[in-house]
Amino acid sequence: MYRTNTCGELRLSHVGQTVTLAGWVQRTRKMGGMTFVDLRDRYGITQLVFDESRDADLTARANKLGREFCIQAVGAVSERSNKNPNMPTGDIEIIVSGLTVLSTSDTPPFTIEDNTDGGDELRMKYRYLDLRRSAVRKNLELRHRMTILVRNFLDSRDFIEVETPILVGSTPEGARDFVVPSRMNPGQFYALPQSPQTLKQLLMVSGFDRYFQIAKCFRDEDLRADRQPEFTQIDCEMSFVHQEDVLEVFEDMARYLFKEVRGVELPAKLRQMTWHEAMRLYGSDKPDLRFGMTFVELMDVMKKGKFAVFDDAAYIGAICAPGCAAYTRKQLDQLTEFVKRPQVGAKGLVYVKYNEDGTIKSSVDKFYSQEDLLELKQKMGARDGDLVLILSGDNANKTRIQLCALRLEMGERLGLRDSNKFECLWIVDFPLFEWSDEEQRLMATHHPFTLPNPDDIPLLDEHPEQVRAVAYDFVCNGIEVGGGSLRIHDGALQEKMFKILGFTPERAMAQFGFLINAFKYGAPPHAGLAFGLDRFVSIMAGLDSIRDCIAFPKNNSGRDVMLDAPSELEPGQLDELNLKVTL
Ligand code: ASP
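All residue numbers for the sequence shown refer to the working numbering, where the first residue is 7 and numbers rise by one.
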């Protein structure tokens with residue numbers, strides 16, 4: 007037997023037993039004639055003791071062990087005289103009588119401990135060593151546990167897991183595709199799925215009325231902290247359901263996960279907020295509800311023919327930062343710098359301090375009277391000691407998005423974005439289309455298969471931008487964790503959608519003919535959604551980046567620095583694929 011126990015399980019009750027452990031040398035300390043080795047495996051750390059007075063040879067060998075050597079040790083479990091209450095195995099140690107070095111190790115490029123000295127790139131290059139650190143390993147264990155819980159939950163609700171292919175056809179709607187050349191079909195390419203969207207809809211036509219898949223998805227987009235070129239979705243679809251049926255099942259799933267994983271009880275019914283309300287109050291379709299500071303619109307109060315910036319604005323909005331009236335000049339300058347950063351893009355920031363002593367000080371004292379500012383105070387519901395921060399602009403939605411960034415920044419500064427607090431809600435009634443400045447045309451907000459709100463169908467031809475979708479997002483702590491919609495199951499309506507999205511009938515047929523044809527054979531009404539597993543795990547683990555819950559993630563340039571991928575192909579491979587690189 008390689009080992010009788012793990013490095014995490016021995017306690018006082020094992021004292022007197024002879025055990026064999028196997029693992030990695032985290033650290034060695036020599037104290038007089040004694041040598042102590044911290045032996046680590048996936049389950050924990052156990053202290054090994056070598057005593058020169060009992061076995062000089064063995065202790066001499068122990069003194070030669072280097073960091074990260076892989077070893078096997080046999081010995082007796084013994085009660086420690088110096089107990090370590092911070093370690094689960096801190097009451098015992100192993101008095102070693104036999105040692106085998108299974109593998110030696112080069113000096114690792116960074117310390118393999120909770121607080122490592124390794125920078126990001128180095129840790130990614132040696133990710134297999136990084137994964138030995140308990141901080142990272144715990145996230146993968148949590149991820150495993152969540153997928154098991156998800157599978158059990160969905161199985162208990164009659165969902166069946168079906169795998170869909172990874173080599174599919176390109177559908178250049180939405181993000182960019184990753185493509186794969188086909189050797190057997192010269193000049194032709196597969197694409198990796200951006201999601202199993204159309205395939206799961208076909209499964210509904212096949213009669214599998216509850217489908218799910220823990221599915222890998224691929225999108226060739228610019229990366230951010232919460233995006234990877236490949237990511238995992240808990241992908242689901244159901245037939246014969248209304249929106250409320252879908253929300254109920256997945257609310258139950260979220261409730262179950264939060265309870266099992268974090269011991270947190272979500273409310274019996276989650277709040278639903280329309281997209282319009284979310285934009286009006288929070289300037290975001292994924293509002294962080296862990297704190298208030300909702301927007302107040304000030305068009306009536308501030309447009310008084312006194313201050314040209316406000317008089318010309320299409321939108322004036324403000325938040326009230328409680329207890330921040332004492333902000334110094336420097337702090338206010340920092341906030342102004344913050345909103346002017348290119349990522350935020352505001353032209354400037356107006357502040358009004360309602361001091362504790364009842365005096366008022368603002369950056370627009372020149373333009374507004376004390377009465378004006380008292381009127382503002384009332385409108386904002388501000389109290390003495392509060393700071394009102396105002397943004398304005400000539401595009402209402404853009405200004406709201408800027409004010410959203412400021413609200414989140416203030417939430418951060420005031421410590422209101424506690425990662426142990428969870429505020430989940432549904433956002434509903436999204437617009438069906440959004441205007442793309444880049445493409446100069448309407449694009450589907452979610453995807454072209456989303457059902458328009460039946461009440462808005464008369465608007466499709468004349469005012470498509472006003473049409474609401476029967477679509478919903480699951481939002482937690484300001485992060486979009488999941489999203490989905492009711493689908494179009496009527497071929498004629500689907501064709502109309504393609505037309506509005508600028509597809510010619512030929513192009514629609516070439517790309518989505520399989521779906522259009524399938525809908526001719528008794529397509530059931532259906533709906534679905536997908537949760538981002540990586541995001542869900544990172545929220546549960548309180549991580550800032552999804553990278554930390556992915557075993558082998560890519561960096562910000564989409565590279566795997568460990569595998570050194572992507573990389574060039576051998577000329578022979580290119581020939582075989584009929585490819586020529588023109589760089
Ligand atoms: N396929 C969609 C997505 O990946 C989710 C859905 O509508 O089910 O965002």
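Even for Gly, the Cβ is constructed at its ideal location relative to N, Cα and C.
- With 5 Å as the limit, the residues whose C-beta approaches any heavy atom of the ligand ASP more closely are 201, 203, 490, 534, 535, 536, in sequence along the chain.
- One alpha carbon belongs to residue 125, the other to residue 348, and they sit about 27 Å apart.
- As DSSP reads the structure, residue 237 sits in a beta bridge with 223.
- Per DSSP, residue 53 is one residue of the beta strand (DSSP E) stretching across 50 to 57.
- The beta carbons of residue 154 and residue 222 sit about 18 Å from each other, so the pair does not count as a contact at 8 Å.
- Within the stretch 246 to 331, the complete alpha helix (DSSP H) runs of at least 4 residues fall at 249 to 263, 281 to 288, 305 to 308, 314 to 317.
- Residue 66 places its beta carbon 8 Å or farther from that of residue 105.
- Less than 8 Å divides the Cβ of residue 227 from the Cβ of residue 181.
- If you draw a straight line from the Cα of residue 566 to the Cα of residue 201, it comes to about 22 Å.
- Beta-bridge analysis with DSSP links residue 398 to 322.
- Residue 45 is bridged by DSSP to 31, 52.
- Residue 538 has its alpha-carbon roughly 8 Å from the corresponding atom of residue 237.
- Short of 6 Å from the beta carbon of residue 305, and not among the five residues preceding or following it, lie these beta carbons of its own chain, in chain order: 322.
- About 15 Å separates the beta carbons of residue 22 and residue 102, which is beyond the 8 Å limit, so they are not a contact pair.
- CA-CA distance, residue 157 to residue 534, rounds to 16 Å.
- Contact annotation, residue 458 with residue 466: C-beta distance approximately 6 Å; criterion of less than 8 Å satisfied.
- Contact annotation: residue 111 and residue 74 have beta-carbon atoms nearer than 8 Å.
- Burial state of residue 398 is buried, judged by a 10 Å Cβ sphere holding 16 or more other Cβ atoms.
- Straight-line spacing of the CA atoms in residue 336 and residue 342 works out to 10 Å.
- Note on geometry: alpha-carbon atoms of residue 12 and residue 536 lie some 38 Å from one another.
- The DSSP-derived three-state label of residue 437 is strand.
- Classified as exposed, residue 523 has fewer than 16 neighbouring CB atoms from the shown chains inside 10 Å of its CB.
- Measuring C-alpha to C-alpha distances from residue 115 to each of 20, 278, 127 identifies 127 as the nearest.
- One alpha carbon belongs to residue 117, the other to residue 123, and they sit about 6 Å apart.
- The Cβ-Cβ distance between residue 308 and residue 325 does not fall below 8 Å.
- Beta-bridge pairing by DSSP links residue 417 to no other residue.
- Put simply, the backbone Cα of residue 528 is about 42 Å away from that of residue 294.
- Three or more Cβ pairs drawn from the stretch 477 to 495 and the stretch 540 to 552 lie within less than 8 Å of each other, which places the two stretches in contact.
- A Cβ-Cβ distance of about 17 Å is found for the pair residue 387 and residue 362, leaving them out of contact under the 8 Å criterion.
- When the beta-carbon positions are compared, residue 68 and residue 41 come within less than 8 Å of each other.
- The continuous alpha helix (DSSP H) containing residue 152 extends over residues 140 to 162.
- Look at residue 134 here: in three-state DSSP terms it is helix.
- Distance between residue 360 and residue 354, taken at the CA atoms: about 20 Å.
- Secondary structure at residue 13: coil, using DSSP grouped into helix, strand and coil.
- Where residue 524 is concerned, the enclosing alpha helix (DSSP H) starts and stops at 511 to 524.
- With 16 or more neighbouring CB atoms inside 10 Å of its own CB, residue 145 falls in the buried class.
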